[in-house]
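K.L.:
Residue numbers (this note's numbering): 5 to 120.
#1: Measure the alpha-carbon distance for residue 99 versus residue 37 and round it to whole angstroms.
#2: Determine contact between the region 63 to 72 and the region 100 to 108, defined as no fewer than three beta-carbon pairs at a distance below 8 Å.
#3: Taking only the alpha-carbon atoms, compute the straight-line gap between residue 41 and residue 88 and give it to the nearest angstrom.
#4: DSSP state of residue 67, grouped into three classes?
#5: Contact check, residue 39 vs residue 50 under 8 Å by CB: the rounded distance?
#6: Specify the secondary structure class of residue 89 as computed by DSSP and reduced to three states.
#7: Whose C-beta lies closer than 7 Å to the C-beta of residue 94 among residues of the same chain, with five residues either side of it excluded?
#8: Classify residue 21 as buried or exposed, calling it buried when 16 or more other Cβ atoms lie within 10 Å of its own Cβ.
#9: Just tell me which of 26, 33, 43 and 6 has its CA closest to the CA of residue 83.
#10: Give every residue of the same chain whose Cβ lies closer than 7 Å to the Cβ of residue 44, excluding the five residues on either side of it in the sequence, and list them in chain order.
#11: Return yes when the Cβ of residue 53 is within less than 9 Å of the Cβ of residue 97, no when it is not.
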């Protein structure tokens, strides 16, 4: 009985972890701020909407969103106006109808950006 419960818990946790978006990179070149997000276990069809970057207590709507799927993985590239200050930075978006919050940077020193 214990083995069956353990198996059920492991199966459930693997299903929950399968659609997890995570931060890949951020750059600040070509007059824009670009954030790359990935999903290693993407469903066959993805829908992305309402993408907003939150930093320094302000919100910035995405200028463009591009996604690419290959071999069960999804790469999502989102561009915003060029930003120079980052503090407690995260992205919110709707991914297949589900609200998702993706932490990017906790403070500006977490990541050195490309030349400003």
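We treat Cβ as the ideally placed atom computed from N, Cα and C, and that holds for glycine.
Computed from a predicted model, the values in this text were never measured in an experiment.
P.N.:
Let me spell this out:
#1: In the chain shown, counting from the first residue as 1, residue 99 sits at position 95. In the chain shown, counting from the first residue as 1, residue 37 sits at position 33. In a straight line, the C-alpha of residue 99 is about 21 Å away from that of residue 37.
#2: no
#3: In the chain shown, residue 41 corresponds to position 37, counting from 1. In the chain shown, residue 88 corresponds to position 84, counting from 1. Rounded to the nearest angstrom, the two C-alpha atoms are 20 Å apart.
#4: What you label residue 67 is simply residue 63 of the chain shown in a count that begins at 1. It is coil, neither helix nor strand.
#5: Here residue 39 refers to the residue found at position 35 of the chain shown. Here residue 50 refers to the residue found at position 46 of the chain shown. Not confirmed; about 16 Å, so no contact.
#6: To locate residue 89, count along the chain shown from 1; it is residue 85. If DSSP states are grouped into helix, strand and coil, residue 89 belongs with coil.
#7: As a first step, residue 94 is located in the chain shown; it is residue number 90 there, counting from the start. Contacts found: 58, 105, 106, 107 and 108.
#8: Here residue 21 is taken as the residue at index 17 of the chain shown, counted from 1. Only weak support is given to the placement of residue 21: the predicted model assigns it a pLDDT of 48, under 50, and the question is left unresolved by the model.
#9: Within the chain shown, the letter at position 79 stands for residue 83. Nearest option by C-alpha distance: 33.
#10: Counting from one through the chain shown, the residue named residue 44 turns up at place 40. Cβ within range, chain order: 77.
#11: Counting from 1 along the chain shown, the entry for residue 97 is found at position 93. Counting from 1 along the chain shown, the entry for residue 53 is found at position 49. Yes, they are a contact pair.
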